[in-house]
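Note that the sequence shown covers residues 15 to 324 in my numbering.
Beta carbons are placed, not taken as given, at the ideal position from N, Cα and C, and that holds for glycine.
Please read all numbers here as calculations on a predicted model, not as lab measurements.
Notes follow the structure.
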Amino acid sequence: MSGVPIVVVHGGAGAWRGFSLEEFKVATRALEEAVRSGLEASRAGDCVDMVVEAVARLEDSGVFNAGLGSVLDYSGNLTMDAGIMASDGRAGGVAAVSYPRNPIKLARIVMEKTPHVIIAGPWADELARKLKLEAHPGPSGRALDRWRKLKIEPNASPWIKLRVETARALGYDTVGAVASDGKGCLAAGVSTGGVALKLPGRVGDSPIPGAGFYATPTIAVAATGIGETIILSMASLRLADYYEKTGDVEKAATMLVEEHTRRWGQGTIGVIIVTGKAEVTARYNTEAMPWAYARLGEKPIVGGLPNIVE
Ligand code: ASP
């Protein structure tokens with residue numbers, strides 16, 4: 015199979031309330047940059063390089079809830095999840111890590127250099143340290159401010175029982191990317207600080223193949239939203255199955271998101287998709303999900319911004 019490399023990225027499905035127009039511009043630029051970096055990586059690399067480059071760029075932007083911009087848990091600590099999968103069936107994830115600046119790079123190492131699929135907590139951090147991955151500088155000023163504000167709200171920890179309404183209001187602007195290198199290799203990757211005010215030790219959908227991301231030789235999917243709902247529905251795997259059955263990516267994406275909405279309500283999920291036939295699409299049942307895509311040689315196209323911007 016041959017074709018043109020494609021990168022699709024997202025900055026998280028959520029309410030995206032309280033962001034200024036200026037902040038949306040910064041977010042949009044970061045998404046476009048991530049698409050360009052991912053496409054650039056296709057010149058010397060494959061779909062895995064493309065996804066890692068795009069996600070690392072978003073982690074480094076500090077704009078989103080991933081990498082430098084990661085939100086904090088209920089105790090004010092930073093723990094991140096990330097995962098990656100390639101269409102040859104390999105996958106890697108890291109859960110509740112604090113050390114690496116770019117958890118997506120550690121997830122790739124788990125996939126490529128260990129016999130495991132997911133490594134968690136201090137042991138994953140230790141692996142990152144041993145491999146001399148760049149260290150995370152600690153919570154951003156914005157994440158700390160956000161935590162202080164959220165902490166004083168009544169009903170501050172929604173996570174003892176999953177409360178979808180509260181989770182919706184908190185927002186979950188994580189990042190993800192899917193890519194096709196045009197040579198038959200598809201990949202999907204995600205990275206997140208998780209949901210704000212999560213209980214310490216909480217792991218979301220992002221390190222779990224089939225839940226937060228999935229890739230086959232015909233489709234790559236990255237999901238965002240309330241991780242608990244995405245794990246319980248195995249959303250990315252299910253979407254890939256719907257595509258296998260229908261051969262229609264638009265139909266498969268609609269089926270998945272409608273089904274998710276029926277079960278879990280609005281404001282719970284978003285997905286970005288690329289297929290082996292070079293089709294690109296996205297769906298979300300949240301107020302917004304800023305996303306962008308381009309084929310090599312094209313300018314990135316941005317969508318999913320909230321009404322105040324469009
Ligand atoms: N899915 C992520 C999680 O629940 C959050 C997000 O998508 O923003 O950890």
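Review point. Are the CB atoms of Ser220 and Pro19 nearer to each other than 8 Å?
Key: Residue numbering aside, residue 220 sits at position 206 when the sequence shown is read from its first letter. Residue numbering aside, residue 19 sits at position 5 when the sequence shown is read from its first letter. Going by C-beta atoms, Ser220 is not nearer than 8 Å to Pro19.
inquiry  = At 4 residues or longer, what runs of the alpha helix (DSSP H) sit wholly inside the segment 34-112?
reply    = 35-55 and 61-75
Fill in: Host beta strand (DSSP E) of Thr238 (start-end)
Residue numbering aside, residue 238 sits at position 224 when the sequence shown is read from its first letter. Looking at the DSSP string, the run of the beta strand (DSSP E) that includes Thr238 is Ile233 to Gly239.
Worksheet item: Any chance the CB of Val209 is under 7 Å from a heavy atom of the ligand ASP?
Response: As a position in the sequence shown, residue 209 is number 195, starting the count at 1. It does: the Cβ of Val209 is within 7 Å (strictly closer) of some heavy atom of the ligand ASP.
- [ ] Pair every Cβ in the segment 216-230 with every Cβ in the segment 122-134, then say whether three or more of these pairs are closer than 8 Å.
- [x] yes
For this session: Answer with buried or exposed for Thr238, where buried requires no fewer than 16 other C-beta atoms within 10 angstroms of its C-beta.
Result: Counting from one through the sequence shown, the residue named residue 238 turns up at place 224. Buried, because 16 or more other Cβ atoms sit within 10 Å of the Cβ of Thr238.
Going by beta-carbon coordinates alone, are Ile98 and Ala105 separated by less than 8 Å? Here the question's residue 98 lines up with position 84 in the sequence shown. Here the question's residue 105 lines up with position 91 in the sequence shown. In this structure, Ile98 lies near Ala105, with their beta-carbon atoms less than 8 Å apart.
query = Can you find a heavy atom of the ligand ASP that lies under 7 Å from the Cβ of Gly226?
reply = Stepping through the sequence shown from its first residue, residue 226 is reached at position 212. At a cut-off of 7 Å, the beta-carbon of Gly226 counts as near the ligand ASP: some heavy atom of the ligand is closer than that.
Sufficient close CB pairs (3 or more, under 8 Å) joining the segment 76-96 to the segment 207-216 = Taking one beta carbon from each stretch, the segment 76-96 and the segment 207-216 have 3 or more pairs nearer than 8 Å; the two touch.
Next item on the list: If I'm right that Ile283 touches Ala249 with Cβ under 8 Å, what's the distance once you round it to whole angstroms?
Entry: Counting from 1 along the sequence shown, the entry for residue 283 is found at position 269. Counting from 1 along the sequence shown, the entry for residue 249 is found at position 235. Yes, Ile283 and Ala249 are in contact; Cβ-Cβ is about 6 Å, under 8 Å.
inquiry  = Please determine whether the Cβ atom of Asn79 lies at a distance below 7 Å from any heavy atom of the ligand ASP.
reply    = The sequence position of residue 79 within the sequence shown is 65, counting from 1. Relative to the non-hydrogen atoms of the ligand ASP, the Cβ of Asn79 comes within a distance shorter than 7 Å of at least one.
| query | Pick from Ala142, Gly290, Asp74 and Ser89: whose alpha carbon is nearest that of Gly198? | reply | Residue mapping note: residue 198 aligns to position 184 of the sequence shown, counting from 1. Comparing Cα-Cα distances from Gly198 to each of Ala142, Gly290, Asp74 and Ser89, the minimum goes to Gly290.
Mind checking which residues open and close the beta strand (DSSP E) that includes Leu211?
Here the question's residue 211 lines up with position 197 in the sequence shown. Premise fails: Leu211 is in no beta strand (DSSP E) and is neither H nor E.
message = On the DSSP letters alone, give me the boundaries of the alpha helix (DSSP H) that Arg115 sits inside.
response = Counting from one through the sequence shown, the residue named residue 115 turns up at place 101. Where Arg115 is concerned, there is no enclosing alpha helix (DSSP H), given that its DSSP letter is neither H nor E.
Enumerate in chain order the residues of its own chain whose CB-to-CB distance from Ala365 is below 6 Å, with the five nearest sequence positions on each side excluded.
One cannot answer for residue 365 here, as it falls past the ends of the chain, which runs 15 to 324.
**Asked** According to the neighbour-count rule (16 or more other Cβ atoms, all chains shown, within 10 Å of its Cβ), is Gly155 buried or exposed?
**Response** As a first step, residue 155 is located in the sequence shown; it is residue number 141 there, counting from the start. Exposed, since its Cβ has fewer than 16 Cβ neighbours within 10 Å.
Review point. Under a Cβ-count criterion, where at least 16 other Cβ atoms within 10 Å of its own Cβ denotes burial, should Ala266 be classed as buried or exposed?
Key: As a working mapping, residue 266 is identified with position 252 in the sequence shown. Under this definition Ala266 is a buried residue.
- For Val288, which three-state DSSP category applies? Along the sequence shown, read from residue 1 onward, the residue named residue 288 stands at position 274. Assignment of Val288 by DSSP, reduced to helix, strand and coil, places it in the strand class.
Residue range of the beta strand (DSSP E) that includes Trp137: Position 123 of the sequence shown, counting from 1, holds the residue named residue 137. Here Trp137 belongs to no beta strand (DSSP E); instead the alpha helix (DSSP H) covers Gly135 to Lys144.
### Task
Name the two residues that bound the continuous beta strand (DSSP E) containing Ala202.
Residue numbering aside, residue 202 sits at position 188 when the sequence shown is read from its first letter. Per DSSP, Ala202 belongs to the beta strand (DSSP E) from Leu200 to Thr206.
(request) Give the DSSP-derived three-state secondary structure of Ile222 in the structure shown. (result) For the purposes of this step, residue 222 is taken as the residue at position 208 of the sequence shown. Correct three-state label for Ile222: coil.
inquiry  = Considering Cα atoms alone, identify which of Gly32, Val21, Arg43 and Ala296 is closest to Leu53.
reply    = The residue you call residue 53 lines up with position 39 of the sequence shown. Of Gly32, Val21, Arg43 and Ala296, the residue nearest in Cα terms is Val21.
Are the beta-carbon atoms of Ser75 and Ala44 separated by less than 8 Å? Taking the sequence shown and counting its residues from 1, one reaches residue 75 at position 61. Taking the sequence shown and counting its residues from 1, one reaches residue 44 at position 30. Yes, the Cβ-Cβ distance between Ser75 and Ala44 is below 8 Å.
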